[in-house]
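Protein chains in written order, with this note's numbering: chain A, 1 to 299; chain B, 300 to 598. We treat Cβ as the ideally placed atom computed from N, Cα and C, and that holds for glycine. Model, not experiment: these values are computed from the prediction. Below is one structure; the comments refer to it alone.
This is the structure in structure tokens:
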């Protein structure tokens, strides 16, 4: 299997650094999907909603085909629907892989020993139910909690995005005081031991785009890492905010938008209800164009 | 609904501070369960293994009925089996609740905003698929990442166990340098605003039992918190190691053992294969007796 960093590089060179989040907010889906679970509760609700989410997700994948380099399913939105939700996630991940969309499973898992191995099988491992190309992880339990995932990267050409610095208002409460920089140091070391000099390695980082000076410092601290940049679009970040996360060669950042692509913006509601796929396609194209313009501007 | 801290207090006063982890290590299950998925792979393996795990788990719950105050299913072991694994987890959590065993869902989730809300519905919320009594959480994304769960505690009488200090060898790499103490400070503040003076509140902590001096300091820093103590039994901790996690009134610690109760120790293999329930029952009784002796000794 071609290593993850190379696969991502090829996809980004082909389509731009566009990652689209697959976040099925049940109250935001088009009305004809919402009708399927309206008024239901308990197991009947979860079954109908999971069915609707799967159908909606397949249409979203169709709409972004050829535009996005990667998709990022947010596991929480599927988990809240129980076993049928996980079955829908499995179906959507399989479909994304079949369409050559790289899958960034947004799970933010973190545990130790045999439990970490279990999470690795649950998310990345090709013998498991999902076999995603990459997964987001939380570093609170220390470097050893990430090792089973590193092993899977090495053995199966997978990738990781480890939480370093998030863009939420209170992130600094825990990630400040050198903590984010410490995690960045682990990531840099792990990539160095896996990739030659300046080539990108399998261990990426999540770095929120809201504090440019900090993003620049973290970019410099992890020269060989892909950076997953959330917060573009609906979360308030602009294309220009993502600039510090790119390397000088224009690579190294993968920019995610979820709600900004998936759902109707102000004034778009009628078009969204009439044909959500056309609108999602248009949003994705606009995002790709905005990120491309940014690259031309900086070059 | 009676608040979680009160329900846990009553259960611990009745049965002792005994929490038993539900960790279905597939290679350690009794042979007649392992036969059900031996030689299979892919979806057929996951379906058969999930079925075996559910049957095994129901027998374990039967075997510890009346001895354990709580059970702690480790979500990773179910997730690795995909949708059928989650269905098995749902069945076992429902059964534990029906038997008045308090459920500590070991999920170590951590995310922000609507995603955190999704994880809350997936784990704690009574309108969701599990409706566990409590859940373990990771604090890396800061205090706001925990708020949807605090709201659910307030509205539905649920509880949390937030990772503060874990017992793994490299935990200090991230949790050191004041980080664990900072999280302990949040927990203490949240309980103070919810419970009167010295009564136990809904926001618990995970504190590994391997560094006694640190456990004593964290116990003092969180006087109103339940502390979930992993690492007893197979992970190398002894009953005496858990002492610093108890309050002066003998309450406030919930001690977990997983592999040490569930599976065969050296020399027990034949009895385990003949009747695993009898052995699990015996292990659980021994654990309860050891923790009771400790309480008498310190009183």
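- Following the DSSP letters along the chain, one finds residue 510(B) in no alpha helix (DSSP H), marked with neither H nor E.
- Of all residues in the region 150-170 of chain A, the ones placed with a Cβ closer than 7 Å to any Cβ belonging to chain B are 163, 166, 168, 169, 170, in chain order.
- For the region 132-146 of chain A, the set of positions with a beta-carbon nearer than 8 Å to some beta-carbon of chain B reads 138, 139, 140, 141, 142, 143, 144, 145 in chain order.
- Residues are counted here when their Cβ sits less than 9 Å from a Cβ of chain A; for the region 334-361 of chain B these are 340, 341, 342, 344, 345, given in chain order.
- If you ignore the 5 residues before and after residue 59(A), its C-beta comes within less than 6 Å of the C-beta of 277, all in its own chain and listed in chain order.
- Using a CB distance cut-off of 8 Å, residue 228(A) does not count as an interface residue toward chain B.
- Between the alpha carbons of residue 99(A) and residue 524(B) lies a distance of about 49 Å.
- At a cut-off of 8 Å between beta carbons, residue 77(A) contacts chain B.
- Between the region 414-430 of chain B and the region 150-161 of chain A there are fewer than three inter-stretch CB-CB distances shorter than 8 Å, so the stretches are not counted as touching.
- Around the beta carbon of residue 240(A), fewer than 16 other beta carbons lie within 10 angstroms, which makes this residue exposed.
- Assignment of beta-bridge partners to residue 20(A) by DSSP yields 71(A), 257(A).
- DSSP places residue 42(A) within a helical segment (H, G or I) once states are collapsed to three.
- DSSP, read as helix, strand or coil, puts residue 458(B) in strand.
- In terms of Cα proximity to residue 526(B), the closest of 469(B), 596(B), 514(B) is 514(B).
- In the three-state reduction of the DSSP assignment, residue 165(A) falls in the strand class.
- Comparing alpha carbon positions, the residue from 10(A), 143(A), 107(A) closest to residue 136(A) is 107(A).
- Three or more beta-carbon pairs separated by less than 8 Å are not found between the region 334-352 of chain B and the region 497-504 of chain B, which leaves the two stretches without contact.
- Counting every other CB atom within 10 Å of its CB across the protein chains shown gives residue 287(A) a total of 16 or more, marking it as buried.
- At a cut-off of 8 Å between beta-carbon atoms, residue 103(A) makes no contact with chain B.
- When secondary structure is reduced to three states using DSSP, residue 225(A) falls in the coil class, being assigned neither helix nor strand.
- Between the region 188-196 of chain A and the region 27-43 of chain A there are fewer than three C-beta pairs closer than 8 Å, too few to call the two in contact.
- Chain B has no Cβ within less than 8 Å of the Cβ of residue 148(A).
- Counting of Cβ neighbours within 10 angstroms places residue 267(A) among the exposed residues, the total staying below 16.
- Judged by their CB atoms, residue 554(B) and residue 370(B) are not nearer to each other than the 8 Å cut-off.
- In terms of Cα proximity to residue 447(B), the closest of 464(B), 373(B), 408(B) is 408(B).
- Nearest CB-CB separation between residue 481(B) and chain A: below the 8 Å threshold.
- Residue 560(B) and residue 319(B) have their C-alpha atoms some 7 Å from each other.
- Residue environment analysis places residue 580(B) among the buried positions, since at least 16 neighbouring C-beta atoms fall within 10 angstroms of its C-beta.
- For residue 86(A), the chain B residues whose C-beta falls within less than 7 Å of its own C-beta are 381, 382, 385, listed in chain order.
- Residue 373(B) has a beta carbon lying within less than 8 Å of a beta carbon in chain A.
- In this structure residue 283(A) is buried. Its beta-carbon is surrounded by 16 or more other beta-carbon atoms within 10 angstroms.
- About 7 Å separates the beta carbons of residue 356(B) and residue 323(B), which is inside the 8 Å limit, making them a contact pair.
- DSSP, reduced to helix, strand and coil, places residue 154(A) within a helical segment of the structure shown.
- Across the structure, residue 363(B) and residue 150(A) are spaced so that their CA atoms are roughly 37 Å apart.
- Nearest CB-CB separation between residue 407(B) and chain A: below the 8 Å threshold.
- Residue-level contact check: residue 522(B) does not touch chain A, since none of the beta carbons of chain A fall below 8 Å from its beta carbon.
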